[in-house]
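Counting along the sequence shown from 1, when you hit position 268 you're at 282 in this note's numbering, and nothing is skipped either side. Working notes, structure below.
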Amino acid sequence: MPYASLRACLHDLEKHGQLLRIKTECDPNLEMAEIHRRVYDAKGPAILFEKVKGSPFQAASNIYGTEERTAFIFRDTLDKVRRMMELKADPMQALKNPLKYLGAPFTAIKALPKKSGSAPVQYGKTTIDQLPQIKSWPMDGGAFITLPQVLTLPPNDKNIMHTNVGMYRIQLSGNEYLTNREIGLHYQLHRGIGIHHTQYNQGEEPFRCAIFVGGPPSHSFAAIMPMPEGLSELTFAGLLGGRRFRYKWADGHVISADADFVITGTIRKNEKKPEGPFGDHLGYYSLTHDFPVMEVENVYHRKDAIWQFTVVGRPPQEDSSFGWLIHQIVEPLTAGEFPGIREVHAVDAAGVHPLLLAIGSERYMPFREPKPEEILTQANHLLGKGQTSLAKFLIIANGDDDTNLDSHDVPHFFKHVLERIDLSRDLHFQTKTTIDTLDYSGSGWNEGSKVVIACCGAKRRELRAELPADFELPTGFSKPVFVQTGILAVQAPKFEAETGAADCHHFTKEMEHFANYFEQHIPLILLVDDSGFTAATLNNFLWVGFTRANPSHDIHGIQAFVENKHWGCRGGLVFDARIKPHHAPVLVPDDAVRERVDEIMKDLKW
């Protein structure tokens, strides 16, 4: 159903038994985030915090906490949006199945943003320090907005269709920010708002910015949606919400009429201040770095406004439902965006960007022994475009080798790849390149490497989950535990800057005695800090294995070699997935806060 406000959505969820009201006053400093995490982990309902310490406003979270609830919220529009995407991918579908696509071409026209004469969000004004000061993790640098919609326009442009709306975290307090006068915006220059920033730097016009919080649920999602060409975020918000995005001009700013809060101001074009740390979606802190600053002009709010927030951390978290919904919507576009690619899966449990699984197709040279050829071209396309360019590990397989291959069935996908990969041929590195800014496994901030692991052809080996009878580990290595057949986790000495690389060299040399066995039965070995933890769950393996490794530095091999600048090995692949001294700290909740939340939670029922 179309929601005119966030509160309307919460009322609908409550009517269907999907809302938890917490009447006890809760502290936004760590306490509310801890409650959120527990309810989310239990697959619980959306949460309405009726009393927020230090703020006159209520707050809500976990609205998108399950895929089922996310689908329920958009139950009246999701199929329509998907049909529109299907037509964009293949316009001939309208002729092949006219009844199914009847009216779809006009869907976007009916969803165009609508200028409003009045705005509920201008009911009242407040100050930054009166907003719920949500701090999620103990080392966070201050309070943050975690579900903002940040709107900017290019210089000298008043066309509403040219706006950029993105989701960039906002620091409200702490560090060097002047209370109520300055806030920090975490964005890079290659993003939409960053392009605008560069354009404003070339002239005298002030760089105006408006930040929206709350409003109809489709508005938050539109801010993170990778938009197909020619479709604006505001139009998409109308499409998915079933209600046109209402906007108004106020003091030179475009404001969302239906938001719960709007912060307007001017971004200083040539000044940055320290922003962070912030407990981020990889499960570690993103550290303090210099980012743009916005001078605050006004903070508007609607009557009975609700502060919408989420809590990020080691995945899965509430924002995982965003990834799921994006996949539901853009899946029809995959073949057009990436010719030859049948499936793409950015693995949420590995932090999304570190690990990308893909299924491609081979059409070259059908009359000779199959090997990765066209899928390498497809892999390079993935690494050269949009969000998939952030992938650090890209594992791609030829879909024709197994018609049942599913990139979302991760254990089977790894089994398929490890049965077929030629370790001497099928690893392709990109060194000294850029990686996700939030990934600290690299050689510097936003610096690291990538690897494409490609497989094509028949099975080469029979995977096992048993070690040779005479197997022994080198001194300092212990507790070998299988993650699944073909994947072994080994507990290694703590990584020290002076000895870490030597540990790996020592391990691979000692394992040469078993090279043939590893090549034939256990092609992937992980050196980790805690092998029991790593192997305990699939998600633990994915998180440890792919967030703590920089391919060029941390991939080693038994009987490794370099031939004409190509690296390979002949006796088993070794990932050094230990925590390194330069890595960011792991997110750990505060024990005292956990105890306080125990008291609050014991009387809650849902």
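Virtual Cβ for every residue (Gly too), placed ideally from N, Cα, C. As the structure is a prediction and not an experimental result, all values here were calculated from the model.
Quick check: residue i and residue j, are their CB atoms within less than 8 Å of each other?
i	j	result
L226	V276	For the sequence presented, residue 226 should be read as Phe rather than Leu. Against a cut-off of 8 Å, the Cβ pair of V276 and F226 comes out as a contact.
T278	P288	no
A273	V135	yes
G582	S438	yes
A60	L27	yes
L34	W620	yes
G337	V366	yes
E309	R328	no
H315	T140	yes
A237	Q163	yes
L44	D617	no
L370	T402	yes
F496	L540	no
F305	L199	yes
Tell me whether residue i sits in a helix, a strand or coil according to DSSP, three-state version.
i	result
P70	coil
G252	helix
Y115	Note that Y115 has pLDDT 48, beneath the 50 cutoff, so the model's placement of it is unreliable and no number is given.
S334	helix
D304	strand
D590	strand
W581	strand
Y454	coil
Q322	strand
N554	helix
L92	helix
C518	helix
V495	strand
E289	strand
F509	coil
A108	Annotation note: pLDDT 48 at A108 (below 50); position unreliable, coordinate value reported separately. In the structure shown, A108 sits in a helix (DSSP, three-state: H, G or I).
T193	coil
H635	Residue 635 is absent from the structure shown; the chain starts at 15 and stops at 620.
S403	helix
K29	helix
For residue i, tell me which candidate among the options has the shortest Cα-Cα distance.
i	options	result
V361	D544, A393, S421	S421
M175	E577, F555, M181, T166	T166
N460	E533, I467, A468, T451	T451
H535	E476, R382, I467, T140	E476
N598	R562, H580, P386	The question names Asn, but residue 598 in the sequence shown is Ala. For A598, the nearest C-alpha among the options comes from R562.
F575	A56, N284, K523, M15	K523
T417	I409, H527, H430	H430
H580	A411, R51, G138, V466	V466
K172	F428, H267, D423	H267
G131	E247, I184, R260, A237	R260
I435	T448, E351, P384, A479	P384
N215	F86, A47, P169, G188	P169
L339	F407, Y299, F235	F235
L670	G188, E219, I343	In the structure displayed, the chain extends from 15 to 620; residue 670 sits before or after that span and is not available.
G490	I148, G514, P482, A405	G514
S566	T548, A591, S19	A591
E388	E345, C470, T445	C470
R97	E345, F407, T499	E345
Taking buried to mean at least 16 other C-beta atoms within 10 Å of its own C-beta, is residue i buried or exposed?
i	result
Q202	exposed
D612	exposed
H25	exposed
G546	exposed
P16	exposed
H359	buried
A319	buried
Y137	exposed
P425	exposed
N578	exposed
Less than 8 Å between the CB atoms is what I'm expecting for residue i and residue j, so what's the real figure, rounded?
i	j	result
L601	D453	At roughly 15 Å, the Cβ-Cβ gap does not stay under 8 Å, so L601 and D453 are not in contact.
G206	N178	4 Å
D90	G256	6 Å
L432	L538	6 Å
T160	C223	T160 to C223, Cβ: 18 Å. No contact.
F352	L396	6 Å
Say the cut is 7 Å; is the CB of residue i nearer than that to a heavy atom of the ligand ADP?
i	result
F528	Of ligands this structure carries none, so the ligand ADP is not represented either.
Any beta carbon from chain B within less than 8 Å of residue i's own beta carbon?
i	result
L34	Of the protein chains in the structure, only one exists, and it is not chain B.
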